[in-house]
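Structure, as structure tokens:
Protein chains: 2
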Amino acid sequence: MEIHILASEAKQASISLAAIDSQIKNNALQAIAQALKAKTADIVAANKEDLERSEKENLGAPLLKRLKYDASKIKETIEGLTSLMMLPEPVGETISATELDKDLELFKVSCPIGVIGVIFESRPDALVQISSLCLKSSNAVILKGGSEALKTNKILAEIIAEASEKAGIPKGWIQLIETRSDVNEMLKCDEFIDLIIPRGSNEFVQYIMNNSNIPVLGHADGICHVYVDKDADLDMAVAVTTDSKCQYVAVCNAAETVLVHESIAQEFLPKLKASLDKFNVEMFGCEKTQAIIAVKPATEQDWKTEYLDYKISIKVVSSLDEAIAHINKYSSKHTESIITKDKMAVAKFMSLIDSGNVYWNASTRFCDGFRYGLGAEVGISTNKIHARGPVGLEGLLIYKWLMKGNGHIVSDYANGHKSFTHKNSKKKFSI
Amino acid sequence: MEIHILASEAKQASISLAAIDSQIKNNALQAIAQALKAKTADIVAANKEDLERSEKENLGAPLLKRLKYDASKIKETIEGLTSLMMLPEPVGETISATELDKDLELFKVSCPIGVIGVIFESRPDALVQISSLCLKSSNAVILKGGSEALKTNKILAEIIAEASEKAGIPKGWIQLIETRSDVNEMLKCDEFIDLIIPRGSNEFVQYIMNNSNIPVLGHADGICHVYVDKDADLDMAVAVTTDSKCQYVAVCNAAETVLVHESIAQEFLPKLKASLDKFNVEMFGCEKTQAIIAVKPATEQDWKTEYLDYKISIKVVSSLDEAIAHINKYSSKHTESIITKDKMAVAKFMSLIDSGNVYWNASTRFCDGFRYGLGAEVGISTNKIHARGPVGLEGLLIYKWLMKGNGHIVSDYANGHKSFTHKNSKKKFSI
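Taken in sequence, the protein lines are chains A and B.
In terms of the numbering used here, the first sequence opens at residue 8 and continues consecutively.
In terms of the numbering used here, the second sequence opens at residue 8 and continues consecutively.
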């Protein structure tokens with residue numbers, strides 16, 4: 008089907024989905040869970056096809072592992088759906104209420120964004136997670152998964168569409184597109200699509216951002232920093248830096264650069280090297296680092312590089328200010344951590360660092376929707392507007408201003424016959 | 008000065024502005040108010056130059072009226088600054104707090120967006136209002152005003168910069184650019200500017216949206232609707248429709264189309280016509296309207312037109328559903344009002360209409376930051392993300408996720424040695 012027709016169907020569905028009863032959405036989530044359980048064998052069979060084809064096409068072992076979707080992973084997915092069902096209704100919540108005048112009341116009420124386009128990588132469980140978050144938040148969704156997972160994504164999308172539509176969700180709310188050229192068509196559908204969330208490589212996200220008038224929420228680079236301050240507990244600093252770098256290297260919240268205060272560099276760097284050597288991490292250091300430990304020389308390019316690998320760049324800085332300036336210059340504004348016992352340094356670091364996630368004595372790897380307690384995430388945003396960091400249900404919502412009057416007209420206020428009271432109110436919106 | 012240098016100065020200032028003390032900001036607002044008072048004569052003189060030049064250039068009377076900035080308007084501006092001072096500090100507010108585990112706490116804390124580019128029309132008081140909202144929310148701002156107000160804008164920006172910087176606000180936080188080609192340069196500064204808020208004509212806003220990678224917050228069209236339901240109080244409907252259309256025609260929240268339920272059209276339309284005739288409103292109606300009152304025929308184009316004039320289009324609809332479908336098809340998603348006594352119809356209208364502001368028995372002209380009690384506004388947004396409707400202080404803020412740990416690493420949770428507690432907390436963020 009042509010992409011703009013499919014997008015217009017999603018838009019059409021999104022209108023009535025915005026007004027749908029909470030119980031119908033939760034019933035649909037339950038129906039999806041039951042259908043996934045009942046059709047586990049079919050899903051595993053489709054996934055097996057994808058795995059076999061991808062093996063033949065020499066997909067790397069880590070990607071094959073991510074592609075695999077077996078009974079135990081399906082069970083986890085079903086558990087995720089159940090916890091999503093239990094979350095309170097996010098739509099229609101009164102965010103604020105103001106009495107503008109007698110019988111003239113203004114409410115700011117949460118509502119869905121509309122139609123979300125999500126482009127995601129090879130993990131098939133992402134399809135269920137993203138579409139269920141969209142359903143719970145009353146958004147229609149257009150999904151494009153990794154081509155490796157073609158068959159798995161197809162059966163999952165069919166199961167979700169069938170189960171949810173039978174439960175009363177408007178037909179067309181979930182749409183699956185399959186090719187890269189479909190994505191290009193989707194980028195032109197600004198009449199129907201309200202937000203695009205691309206996940207994937209830096210180049211790909213950048214491409215999306217440069218080729219659409221539709222707002223994009225996401226992150227391109229993930230250049231995260233750990234700053235080891237002069238008042239750091241050095242053992243803690245070694246442990247946190249090692250975890251930030253090595254716990255999982257192929258992800259956006261892994262650290263790429265460690266900044267070390269010069270007054271503890273002599274003592275800290277050999278300890279850090281000993282720890283990173285256990286993971287065979289390749290180290291690139293500034294001149295001062297090179298004078299203390301055996302590392303390759305770092306170039307300007309290293310400060311700008313997201314290795315996504317067992318590689319790290321190291322810079323010795325002469326002050327907290329220099330560390331902050333380096334991070335604000337080179338960071339992708341994702342996640343940065345300071346290791347220190349000095350509360351003044353923490354306060355300065357946290358207020359001056361212009362990144363979405365700023366930590367004190369904790370690993371950058373914590374930046375994740377599940378770990379944050381958001382239930383799940385549709386992606387991580389380094390945008391400066393709408394939503395930052397892991398984006399869960401809340402990032403899929405916006406608000407409407409709803410006003411109840413009794414024939415109120417502006418002339419009366421412009422003429423001075425009436426004046427506004429502007430009283431904050433605790434009322435919840437109701438008709 | 009080159010625009011990208013000026014933008015980089017604003018970016019630089021925005022970093023320390025994000026961490027500045029509340030008292031310094033309020034002192035600066037007070038200093039600005041005092042300076043405006045002390046320099047009233049100079050401002051009026053500069054404004055007189057603009058008025059004389061614009062008169063010679065045959066600027067229309069309504070625009071000349073908007074351009075005029077005299078002592079009494081300056082006094083109003085100063086009162087606005089004083090009420091902004093009294094508002095609570097918007098930056099650093101804890102939006103939510105979660106205990107992830109023992110000694111591992113996550114906070115969502117409000118922070119400024121960074122650097123805002125605002126392009127506004129001829130009213131010089133807009134310059135003070137916009138820059139003071141940016142200051143209170145700790146954002147740096149790049150301003151481009153109407154060329155008619157060149158001299159007035161220049162002296163105002165100088166007064167604000169001097170007074171605020173003397174009070175301790177980082178130099179460079181407010182920048183004024185003057186030409187259309189400066190604007191084009193600004194649109195390329197996505198490295199330094201985080202958000203653009205354009206105010207002005209539909210074509211101009213559309214141009215900005217199509218020519219920048221920087222996120223844009225604003226509205227192009229303002230095609231607002233009044234729907235007169237079958238259960239409307241007809242006198243109220245006449246009054247609200249007349250106010251929505253005629254109270255001020257040259258603005259985005261004026262109504263352009265009225266939809267009338269067929270069962271009351273026969274009685275309502277002559278009353279409406281009698282009222283609109285007093286303002287010499289030109290009426291364009293559908294065939295059913297033409298059969299009841301003397302109007303010009305409306306074409307498809309009329310439903311898509313923002314007249315910004317004493318003109319209105321009228322359509323008779325056979326149901327609430329038809330009214331909702333018409334609005335969702337033709338509206339610019341700004342403001343729509345339903346006039347009815349039927350609560351079921353209100354509930355349906357408010358949940359299905361996909362616009363930022365949806366009213367019941369009230370004039371569309373209420374859509375405004377001051378009337379909403381937001382203090383002031385930097386503009387009105389028809390975006391579907393970040394902020395909708397009148398955008399005040401809140402729309403100039405975003406948040407950071409701040410985490411306090413004690414050496415916590417992700418390995419411990421991945422290995423199952425530790426598990427998350429995810430307890431909601433009432434704590435406010437502090438070091």
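Glycine included, every Cβ here is placed at the ideal spot set by N, Cα and C.
Quick caveat: nothing in here was measured; it's all calculated off a predicted structure.
Segment contact flag, the stretch 68-75 of chain B with the stretch 183-202 of chain B, C-beta cutoff 8 Å, min 3 pairs: no
Chain A within 8 Å of V353/B, Cβ atoms only: Residue 353/B sits at position 346 when you count from the first residue of the second sequence. With 8 Å as the cut-off, V353/B counts as an interface residue toward chain A.
Within-8 Å CB hit, V265/A to chain B: Along the first sequence, read from residue 1 onward, the residue named residue 265/A stands at position 258. For V265/A, the answer is no, since every Cβ of chain B falls outside 8 Å of its Cβ.
Of the listed residues N390/A, E106/A, L241/A, L163/A, nearest to G412/A (C-alpha basis): The sequence position of residue 412/A within the first sequence is 405, counting from 1. The option with the nearest alpha carbon to G412/A is E106/A.
Cβ of E73/B within 8 Å of any chain A Cβ: The residue labelled residue 73/B in the question sits at position 66 within the second sequence. What sits at residue 73/B in the sequence shown is Arg, not Glu. Cβ-Cβ to chain A under 8 Å: no for R73/B.
Residues of the stretch 316-345 of chain A whose Cβ lies closer than 7 Å to any Cβ of chain C, in chain order: The structure shown has no chain C; the protein chains it does contain are A and B.
Distance CB(L142/B)-CB(L58/B) smaller than 8 Å: Position 135 of the second sequence, counted from the first residue, corresponds to residue 142/B. Position 51 of the second sequence, counted from the first residue, corresponds to residue 58/B. In this structure, L58/B does not lie closer than 8 Å to L142/B by Cβ.
Minimum Cβ-Cβ distance from M193/A to chain B less than 8 Å: The residue given as residue 193/A occupies position 186 in the first sequence. With 8 Å as the cut-off, M193/A does not count as an interface residue toward chain B.
At least three beta-carbon pairs within less than 8 Å, the stretch 385-400 of chain B to the stretch 318-331 of chain A: no
G380/B versus K435/A - alpha carbon distance: In the second sequence, counting from the first residue as 1, residue 380/B sits at position 373. In the first sequence, counting from the first residue as 1, residue 435/A sits at position 428. If I take the Cα positions, the gap works out to 18 Å.
DSSP three-state assignment for E263/A, whether helix, strand or coil: Numbered from its first residue, the first sequence carries residue 263/A at position 256. Strand at E263/A.
Contacts that Y366/A makes with chain B (C-beta to C-beta distance below 7 Å): Counting from 1 along the first sequence, the entry for residue 366/A is found at position 359. Here the neighbours are M410, G412.
From L359/B, D361/B, H341/B, residue whose alpha carbon lies closest to that of S370/B: Numbered from its first residue, the second sequence carries residue 370/B at position 363. When only C-alpha atoms are compared, the closest one is H341/B.
Whole-angstrom distance between L409/A and A239/B, CA atom to CA atom: For the purposes of this step, residue 239/B is taken as residue 232 along the second sequence, with counting starting at 1. For the purposes of this step, residue 409/A is taken as residue 402 along the first sequence, with counting starting at 1. Spanning the two alpha carbons is a distance of roughly 18 Å.
Same chain only: Cβ atoms within 6 Å of G121/B, ignoring 5 sequence neighbours per side: Taking the second sequence and counting its residues from 1, one reaches residue 121/B at position 114. Once the five neighbours on either side are set aside, the close Cβ partners of G121/B are S21, D201.
Strand pairing of G376/A, partner residues [DSSP]: Here residue 376/A refers to the residue found at position 369 when the first sequence is read from its first residue. In DSSP, G376/A forms no bridge with anything.
Contacts around G207/A, its chain only, beta-carbon distance under 6 Å, and the 5 residues preceding and following it disregarded: If you number the first sequence from 1, residue 207/A lands on position 200. So the list reads E128, once near-sequence residues are dropped.
Per-residue burial, G376/A [other beta carbons within 10 Å of its own, 16 or more giving buried]: Residue numbering aside, residue 376/A sits at position 369 when the first sequence is read from its first letter. So G376/A counts as buried.
Contiguous beta strand (DSSP E) assignments of at least 3 residues, all confined to the stretch 275-357 of chain A: 289-292, 318-324, 342-346
DSSP-derived helix/strand/coil call for E384/B: Locating residue 384/B in the second sequence gives position 377, where the first residue counts as 1. DSSP places E384/B in coil when its eight states are reduced to three.
Below-8 Å beta-carbon distance, P177/B vs any chain A residue: What you label residue 177/B is simply residue 170 of the second sequence in a count that begins at 1. Chain A, which has no Cβ nearer than 8 Å to the Cβ of P177/B, makes this no.
E198/A (DSSP reduced to helix, strand or coil): Position 191 of the first sequence, counted from the first residue, corresponds to residue 198/A. Here E198/A sits in coil by DSSP.
Of the listed residues S426/A, S339/A, I360/A, nearest to F373/B (C-alpha basis): Working through the second sequence from its first residue, we reach residue 373/B at position 366. With distances taken between Cα atoms, F373/B lies closest to S426/A.
Residue-level contact to chain A via CB, D228/B, 8 Å cutoff: Here residue 228/B refers to the residue found at position 221 of the second sequence. With 8 Å as the cut-off, D228/B does not count as an interface residue toward chain A.
Given R378/A as reference, the closest of V398/A, I360/A, H393/A once Cα atoms are compared: Numbered from 1 along the first sequence, position 371 holds the residue referred to as residue 378/A. Residue V398/A is the option with its Cα nearest to R378/A.
Minimum Cβ-Cβ distance from I203/A to chain B less than 8 Å: Within the first sequence, numbered from 1, the residue matching residue 203/A stands at position 196. Taking Cβ atoms only, chain B never reaches closer than 8 Å to I203/A, which makes this a no.
Other residues of its chain near V256/A: CB distance less than 6 Å, five sequence neighbours each side excluded: Within the first sequence, numbered from 1, the residue matching residue 256/A stands at position 249. Correct list, in chain order: D316, Y317.
C-beta contact flag for M290/B and K311/B at 8 Å: Position 283 of the second sequence holds residue 290/B. Position 304 of the second sequence holds residue 311/B. Not closer than 8 Å, so no.
From A421/B, A246/B, M92/B, residue whose alpha carbon lies closest to that of S344/B: Numbered from its first residue, the second sequence carries residue 344/B at position 337. Here the closest residue by C-alpha is A246/B.
Any C-beta of chain A under 8 Å from that of H393/B: Looking up residue 393/B in the second sequence gives position 386. Chain A, which has a Cβ nearer than 8 Å to the Cβ of H393/B, makes this yes.
Beta-carbon proximity of E237/B to I271/B, cut-off 8 Å: Counting from one through the second sequence, the residue named residue 237/B turns up at place 230. Counting from one through the second sequence, the residue named residue 271/B turns up at place 264. For clarity, residue 237/B is Lys in the given sequence; the question names Glu instead. Yes, they are a contact pair.
Alpha-carbon spacing of D189/B relative to V258/B, whole angstroms: Along the second sequence, one-based indexing puts residue 189/B at 182. Along the second sequence, one-based indexing puts residue 258/B at 251. Going from the Cα of D189/B to the Cα of V258/B covers about 26 Å.
C-alpha gap between S326/B and I230/B, whole angstroms: Locating residue 326/B in the second sequence gives position 319, where the first residue counts as 1. Locating residue 230/B in the second sequence gives position 223, where the first residue counts as 1. Each residue's alpha carbon lies about 21 Å from the other.
E384/A versus D361/A: straight-line alpha-carbon distance, rounded: Taking the first residue of the first sequence as 1, we reach residue 384/A at position 377. Taking the first residue of the first sequence as 1, we reach residue 361/A at position 354. So the alpha carbons of these two residues sit roughly 22 Å apart.
Cutoff 6 Å; reference L111/B; Cβ partners in own chain excluding five residues on either side: What you label residue 111/B is simply residue 104 of the second sequence in a count that begins at 1. The answer, listed in chain order, is G412, H415.
Coarse secondary structure for H226/B, derived from DSSP in three states: For the purposes of this step, residue 226/B is taken as residue 219 along the second sequence, with counting starting at 1. In this structure, H226/B counts as coil in the three-state DSSP scheme.
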